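Colleague: Quick one: this structure, given as structure tokens, is what I'll be asking you about.
There are 2 protein chains.
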Amino acid sequence: MLIHPLTGALLPGVPMRTASSDPHYLSCLQDYYARWRCIPAYEKLRRILHLASRSAVGKVLERLRLQGFLERTPDGDWVPARRFFERFVAGQHVQAGQPAPDTEAGLTTLLLDDLLVETPSRTLLLTVRGDSMSGANIFEGDVVIVERQATALPGEIVVAAVDGELTVKRLDRDAEGWLLRPENPAYPVLRPAGALELMGVVTGLARRLRRGA
Amino acid sequence: MLIHPLTGALLPGVPMRTASSDPHYLSCLQDYYARWRCIPAYEKLRRILHLASRSAVGKVLERLRLQGFLERTPDGDWVPARRFFERFVAGQHVQAGQPAPDTEAGLTTLLLDDLLVETPSRTLLLTVRGDSMSGANIFEGDVVIVERQATALPGEIVVAAVDGELTVKRLDRDAEGWLLRPENPAYPVLRPAGALELMGVVTGLARRLRRGA
DNA sequence: CCGTTTGGAGTACAAATGTTCACTTTTAGC
DNA sequence: GCTAAAAGTGAACATTTGTACTCCAAACGG
Chain H
40 MLIHPLTGAL LPGVPMRTAS SDPHYLSCLQ DYYARWRCIP AYEKLRRILH
90 LASRSAVGKV LERLRLQGFL ERTPDGDWVP ARRFFERFVA GQHVQAGQPA
140 PDTEAGLTTL LLDDLLVETP SRTLLLTVRG DSMSGANIFE GDVVIVERQA
190 TALPGEIVVA AVDGELTVKR LDRDAEGWLL RPENPAYPVL RPAGALELMG
240 VVTGLARRLR RGA
Chain G
40 MLIHPLTGAL LPGVPMRTAS SDPHYLSCLQ DYYARWRCIP AYEKLRRILH
90 LASRSAVGKV LERLRLQGFL ERTPDGDWVP ARRFFERFVA GQHVQAGQPA
140 PDTEAGLTTL LLDDLLVETP SRTLLLTVRG DSMSGANIFE GDVVIVERQA
190 TALPGEIVVA AVDGELTVKR LDRDAEGWLL RPENPAYPVL RPAGALELMG
240 VVTGLARRLR RGA
């Protein structure tokens, strides 16, 4: 079924059924998701996809699931799967002579949050001061994503409270106990006097470039 | 009820049922959304929020809507609003011995996307391959935030199409014309044969740490 | 040309949904 | 303590939901 370009009316009887119409359905879904961040119920999907029957909606969704664009929660709800967001990150290759990649309007819908935050309720941000972790490529002004937890493994980059101040260091331990290693020879290794006050583990990093411009 | 900004523990002695238990409901919702990318139906929400009645769910959602965390589609479906994705920014200082100083007033929030994206419609993401920009502290696997534009200034880090492949380099120019400098002596300077096919300027960086753990 | 496959329409129905309403419990202000 | 507001319960109900089923027409592959 096609849609009249001017009136928007459905043109019955016009063939459009081919395996390659799934990409079109997918685009509709992606656009809707970009706007509202949800996959609606069958009846609404029926309208969005311009289908006449809910059963057709079910078949479309099932096909998209087999292709890896959608999945279902344990409760049976439809949710976007990893592949659903793929097109929002630019591909590595571009046709020579045609340097503009897909300029679809949905590029921004991949929330950077989704990339960087796994457990929102335990996640907070911290702006890095100083260059004591430059060896780990974390610099002054960077914003680190911290997942709150009381314990961590040696080798992880953690945020800890030292002398009432939060600091980012690499956690390590030796025969004498826990220690916080800066990744910059200009700074001393910290050995907490009492208990180690761990705030959480650094799970990600966000940096603004081109600050002045 | 307050939530300890560092440990995340619910502060004891504070009764459970109060207007400020909404943060707890919000956290549950945020975590569920981070996992499945949808707001489920009332009956499922009832279980997630540990409520006994669906009507209570409705009231919670309505409260969160008034606070700006949720909104509704024209069809009435619940969807996350802007504030839903904001994160707390930790203060730099912590009281020694009592690492929970800043009350709600001191805590600010920040949307990661706001931090990194200025012009959503012209912004896209690109995963970095190779270590040719390690001197600028951009490494394999990092995601760069690219603002699409056809021109750039010398000294800016840009994304350009070279031989049909996207590459991240620092833009420069000399007497002979434009050139693309890697920030790694192991790589050669690129001098585009014809016109320089510029895709955009790198305005930010996102990195996931602790990938394996 | 004909049978098969595929994408969709249409119908039917048990189950689930969102909302309302009256009611109870808890909390906060005085 | 007393009281009013806030938060949550539980039942009721019209609507909507997802799915199973049959049927149909176009596309496909010899």
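Protein chains in written order, with the working numbering: chain H, 40 to 252; chain G, 40 to 252.
For each residue, glycine too, the CB sits at the ideal point set by N, CA and C.
Model, not experiment: these values are computed from the prediction.
(1) Considering only residues of the same chain and omitting the five flanking positions on each side of Ala191 (chain H), which have a CB-CB separation below 7 Å?
(2) Around the C-beta of Asp114 (chain G), are 16 or more other C-beta atoms found within 10 angstroms, so that it is buried, or is it exposed?
(3) Within the chosen definition, does the stretch 158-176 of chain G reach the stretch 217-233 of chain G through at least 3 CB pairs nearer than 8 Å?
(4) The beta strand (DSSP E) with Ala200 (chain H) in it runs from where to where?
(5) Hey, Leu248 (chain H) and Ile184 (chain H) are a contact pair by Cβ (cut 8 Å); roughly how many whole angstroms apart?
(6) Taking only beta-carbon atoms, is Ala232 (chain G) less than 8 Å away from chain H?
(7) Within 10 angstroms of the Cβ of Gln69 (chain G), are there 16 or more other Cβ atoms? Answer buried if so, exposed if not.
(8) Could you name the residues of the same chain whose beta carbon sits closer than 8 Å to that of Gln106 (chain G), not counting the 5 residues immediately before and after it, in chain order?
(9) What are the start and end residues of the beta strand (DSSP E) that includes Ala95 (chain G)?
(10) So, at 7 Å on beta carbons, what are the nonlocal neighbours of Leu149 (chain G) in its own chain, with the 5 sequence-adjacent residues on each side left out?
(11) For Pro231 (chain G) and Ala80 (chain H), I'd like the C-alpha separation in whole angstroms.
(12) Please tell me whether Ile177 (chain G) and Val207 (chain G) are closer than 8 Å, where the distance is taken between their beta carbons.
(13) Do the CB positions of Cys67 (chain G) and Ile78 (chain H) come within less than 8 Å of each other?
(14) In angstroms with no decimal places, state the Cα-to-Cα distance between Gly194 (chain H) and Leu88 (chain H).
(15) Measure the C-alpha to C-alpha separation of Gly180 (chain G) and Arg246 (chain G) and round it to an integer number of angstroms.
(16) Using a threshold of 8 Å, state whether the C-beta atoms of Val118 (chain H) and Tyr64 (chain H) are closer than that.
(17) Can you name the start and end residues of the alpha helix (DSSP H) that Ala73 (chain H) belongs to?
(18) Can you list the residues of chain H that Gly243 (chain G) reaches, using a CB-CB cut of under 9 Å?
(19) Taking any Cβ of chain G, which residues in the stretch 154-169 of chain H have a Cβ under 8 Å from it, in chain order?
(20) Does DSSP classify Pro159 (chain H) as helix, strand or coil?
(21) Pick from H:Glu110, H:Ala95 and H:Thr166: whose alpha carbon is nearest that of Glu204 (chain H)?
(22) What residue range is occupied by the uninterrupted beta strand (DSSP E) comprising Leu219 (chain G)?
(23) Considering only residues of the same chain and omitting the five flanking positions on each side of Trp217 (chain G), which have a CB-CB separation below 8 Å?
(24) Short of 8 Å Cβ to Cβ, which residues in the stretch 72-86 of chain G face chain H?
(25) With a cut-off of 8 Å, does the C-beta of Gln69 (chain G) fall near any C-beta of chain H?
(26) Using a C-beta to C-beta distance shorter than 7 Å, which residues of chain G count as neighbours of Asp114 (chain H)?
(27) Use the C-beta contact count for Gln134 (chain G): other C-beta atoms within 10 angstroms, 16 or more gives buried, fewer gives exposed.
(28) What does Ser66 (chain G) touch in chain H if you count any residue whose Cβ is under 9 Å from its own?
(29) In whole angstroms, give me the CA-to-CA distance for Tyr72 (chain G) and Arg161 (chain H).
(30) Would the beta-carbon of Asp213 (chain G) fall within 8 Å of that of Asp152 (chain H)?
(31) Assign Glu186 (chain H) to one of two classes, buried (16 or more other C-beta atoms within 10 Å of its C-beta) or exposed (fewer than that).
(32) Taking the alpha-carbon of Leu163 (chain G) as reference, which of G:Thr147, G:Ala175 and G:Gln188 has the nearest alpha-carbon?
(33) Which residues in chain G sit within 9 Å of Asn223 (chain H), going by Cβ to Cβ distance?
(34) If we cut at 8 Å on Cβ distances, does Arg121 (chain G) have a partner in chain H?
(35) Got a sec, what are the start and stop residues for the alpha helix (DSSP H) Leu88 (chain G) sits in?
(36) Taking Ala245 (chain H) as part of the beta strand (DSSP E), name the residues at either end of that continuous run.
Modeller: Straight from the coordinates:
(1) One-based indexing of the first sequence puts residue 191 (chain H) at position 152. The answer, listed in chain order, is Val197, Leu210, Leu237 and Val240.
(2) Taking the second sequence and counting its residues from 1, one reaches residue 114 (chain G) at position 75. Counting Cβ neighbours within 10 Å, Asp114 (chain G) comes out exposed, since fewer than 16 surround it.
(3) Yes: the two stretches touch, three or more of their Cβ pairs being nearer than 8 Å.
(4) On the first sequence, position 161 is the one that residue 200 (chain H) refers to. Unbroken beta strand (DSSP E) run through Ala200 (chain H): Ile196 to Val201.
(5) Position 209 of the first sequence, counting from 1, holds the residue named residue 248 (chain H). Position 145 of the first sequence, counting from 1, holds the residue named residue 184 (chain H). Taking the Cβ atoms as the reference, Leu248 (chain H) lies roughly 17 Å from Ile184 (chain H), outside the contact range of under 8 Å.
(6) Here residue 232 (chain G) refers to the residue found at position 193 of the second sequence. Among the residues facing chain H, Ala232 (chain G) is not included, as its CB has no counterpart in that chain under 8 Å away.
(7) As a position in the second sequence, residue 69 (chain G) is number 30, starting the count at 1. Gln69 (chain G) comes out buried.
(8) Stepping through the second sequence from its first residue, residue 106 (chain G) is reached at position 67. Within its own chain, the residues whose Cβ lies closer than 8 Å to the Cβ of Gln106 (chain G), once the five positions on either side in sequence are excluded, are Asp61 and Arg122, listed in chain order.
(9) Reading the second sequence from its first residue, position 56 is the one you call residue 95 (chain G). Careful: Ala95 (chain G) lies outside any beta strand (DSSP E), inside the alpha helix (DSSP H) at Arg93 to Leu105.
(10) On the second sequence, residue 149 (chain G) is found 110 positions in, with the first residue counted as 1. The beta carbon of Leu149 (chain G) sits closer than 7 Å to those of Glu125, Arg126 and Val128, all from its chain and outside the five residues before and after it, given in chain order.
(11) The residue given as residue 231 (chain G) occupies position 192 in the second sequence. The residue given as residue 80 (chain H) occupies position 41 in the first sequence. Straight-line Cα distance between these residues: approximately 51 Å.
(12) If you number the second sequence from 1, residue 177 (chain G) lands on position 138. If you number the second sequence from 1, residue 207 (chain G) lands on position 168. Taking 8 Å as the cut-off, the Cβ atoms of Ile177 (chain G) and Val207 (chain G) count as close.
(13) Locating residue 67 (chain G) in the second sequence gives position 28, counting from the first residue. Locating residue 78 (chain H) in the first sequence gives position 39, counting from the first residue. Judged by beta-carbon spacing, Ile78 (chain H) lies beyond the 8 Å limit of Cys67 (chain G), meaning their Cβ atoms are not closer than that value.
(14) By one-based count along the first sequence, residue 194 (chain H) stands at place 155. By one-based count along the first sequence, residue 88 (chain H) stands at place 49. Using only the alpha carbons, I get a separation of about 50 Å.
(15) As a first step, residue 180 (chain G) is located in the second sequence; it is residue number 141 there, counting from the start. As a first step, residue 246 (chain G) is located in the second sequence; it is residue number 207 there, counting from the start. Looking at the two C-alpha atoms, the distance is approximately 7 Å.
(16) Here residue 118 (chain H) refers to the residue found at position 79 when the first sequence is read from its first residue. Here residue 64 (chain H) refers to the residue found at position 25 when the first sequence is read from its first residue. Their beta carbons are not under 8 Å apart, which means Val118 (chain H) does not touch Tyr64 (chain H) by this criterion.
(17) Against the first sequence, residue 73 (chain H) aligns to sequence position 34. From DSSP, the alpha helix (DSSP H) with Ala73 (chain H) extends over Asp61 to Trp75.
(18) Numbered from its first residue, the second sequence carries residue 243 (chain G) at position 204. In chain order, Leu151, Ala245, Arg246, Arg247, Leu248 and Arg249 make up the part of chain H whose C-beta sits under 9 Å from the C-beta of Gly243 (chain G).
(19) For the stretch 154-169 of chain H, which is checked against every Cβ of chain G, the residues closer than 8 Å are Leu154, Leu155, Val156, Glu157, Thr158, Pro159, Ser160, Arg161, Thr162, Leu163, Leu164, Leu165, Thr166 and Arg168.
(20) Within the first sequence, the letter at position 120 stands for residue 159 (chain H). Correct three-state label for Pro159 (chain H): helix.
(21) Sequence index remark: in the first sequence, residue 204 (chain H) carries index 165 (1-based). The candidate whose alpha carbon is nearest that of Glu204 (chain H) is H:Thr166.
(22) Numbered from 1 along the second sequence, position 180 holds the residue referred to as residue 219 (chain G). Per DSSP, Leu219 (chain G) belongs to the beta strand (DSSP E) from Gly216 to Arg220.
(23) For the purposes of this step, residue 217 (chain G) is taken as the residue at position 178 of the second sequence. Exclusion of the five residues before and after Trp217 (chain G) leaves Leu210, Asp211, Arg230, Pro231 and Leu235 as the residues of its chain whose Cβ lies within less than 8 Å of its Cβ.
(24) Those residues of the stretch 72-86 of chain G that come within reach of chain H (Cβ to Cβ, closer than 8 Å) are Tyr72, Ala73, Trp75, Arg76, Cys77, Ile78, Pro79, Ala80 and Lys83.
(25) The sequence position of residue 69 (chain G) within the second sequence is 30, counting from 1. Chain H places a beta carbon closer than 8 Å to that of Gln69 (chain G), counting this residue as a contact.
(26) In the first sequence, the residue the question calls residue 114 (chain H) occupies position 75. The answer, in chain order, is Pro79 and Lys83.
(27) By 1-based counting over the second sequence, the position of residue 134 (chain G) is 95. Because Gln134 (chain G) sits at a pLDDT of 46, beneath the cut-off of 50, its placement in the model cannot be relied upon, and the point is left open.
(28) Sequence index remark: in the second sequence, residue 66 (chain G) carries index 27 (1-based). Proximity of chain H to Ser66 (chain G) at the Cβ level (cut-off 9 Å) is accounted for by Pro159, Ser160 and Arg161, in chain order.
(29) Stepping through the second sequence from its first residue, residue 72 (chain G) is reached at position 33. Stepping through the first sequence from its first residue, residue 161 (chain H) is reached at position 122. Cα-Cα distance, rounded: 14 Å.
(30) Here residue 213 (chain G) refers to the residue found at position 174 when the second sequence is read from its first residue. Here residue 152 (chain H) refers to the residue found at position 113 when the first sequence is read from its first residue. In this structure, Asp213 (chain G) sits away from Asp152 (chain H), with a CB-CB distance that is not shorter than 8 Å.
(31) Indexing the first sequence from 1 puts residue 186 (chain H) at position 147. Buried, because 16 or more other Cβ atoms sit within 10 Å of the Cβ of Glu186 (chain H).
(32) On the second sequence, position 124 is the one that residue 163 (chain G) refers to. Out of G:Thr147, G:Ala175 and G:Gln188, the CA that lies nearest to the CA of Leu163 (chain G) is found in G:Gln188.
(33) Within the first sequence, numbered from 1, the residue matching residue 223 (chain H) stands at position 184. Correct list: empty, because the minimum Cβ distance to chain G is about 14 Å.
(34) Position 82 of the second sequence holds residue 121 (chain G). Not an interface residue.
(35) As a position in the second sequence, residue 88 (chain G) is number 49, starting the count at 1. Element bounds for Leu88 (chain G): Tyr81 to Leu88.
(36) Position 206 of the first sequence, counted from the first residue, corresponds to residue 245 (chain H). Unbroken beta strand (DSSP E) run through Ala245 (chain H): Glu236 to Arg247.
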